[in-house]
Amino acid sequence: MPIEKLSLIQLNYSGMKKKILVITESKAIRFLLQTVLHDHYVTTTAAEGGEAVHYISQASLPDAIVIDPELPDTEPWELVEYFKTSGLYQHIPMVVISSQPEETVLRQSRLLGVEASFQKPFNPIDLKQRLDALVKAPPLSSLNRLKVV
């Protein structure tokens, strides 16, 4: 492929909005995050675990997931564990938003490999900044392939 075409493809790809999947029962939080993120991200929301699993299995993978670990149709942390232990989804950065005690959230997040967590109520701008950092970071698998000469 000529270099000119490659540069154009890279420019088009870098100009695309990243996709965020927001999973929470709270309609207010889904609306808040869609509002805060819409300028920089394509945001898809789900109110239940089953809806989220259906979406992620049918659509292209999101660049990050924001999730409340307590959903009406799953056990607490069940969906977080599913995503973080699945060979298909474990590479997707995840941000947990929870009203559980901070100690519980931090312990479970560390145990399951969650990249960031926020206690409710949270500052949506702080969450957006954390998402910005997570989706721009190279995947760990690509870091393993870097060689120093």
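In this note's numbering, the protein residues as written are 10 to 158.
Where is the CB? At the ideal position from N, CA and C, for every residue including glycine.
Item	Value
Within the stretch 113-141, ranges of the beta strand (DSSP E) (whole runs, at least 3 residues)	125-128
DSSP beta-bridge partners of residue 50	27
Residues near residue 53 by beta carbon distance below 8 Å, same chain, minus five either side	28, 29, 30, 31, 64, 68, 71
C-alpha gap between residue 58 and residue 145, whole angstroms	26 Å
DSSP three-state assignment for residue 73, whether helix, strand or coil	strand
Classification of residue 74 by the beta-carbon crowding that lies within 10 angstroms, buried from 16 upward	buried
Buried or exposed by the 16-neighbour rule on C-beta atoms within 10 Å, applied to residue 102	buried
Residue 95 beta carbon less than 8 Å from that of residue 105	no
Reference residue 128, options 107, 121, 46, closest by Cα	107
Distance between beta carbons of residue 115 and residue 90, contact taken as under 8 Å	At roughly 16 Å, the Cβ-Cβ gap does not stay under 8 Å, so residue 90 and residue 115 are not in contact.
Cβ neighbour criterion (16 or more within 10 Å) applied to residue 138	exposed
Residue from 141, 38, 136, 113 with nearest C-alpha to residue 86	113
Helix, strand or coil at residue 66 according to DSSP, with G and I counted as helix	helix
Supposed close pair residue 191, residue 51 - CB separation, criterion 8 Å	Only positions 10 to 158 of the chain appear in the structure, and residue 191 is not among them; the question remains open.
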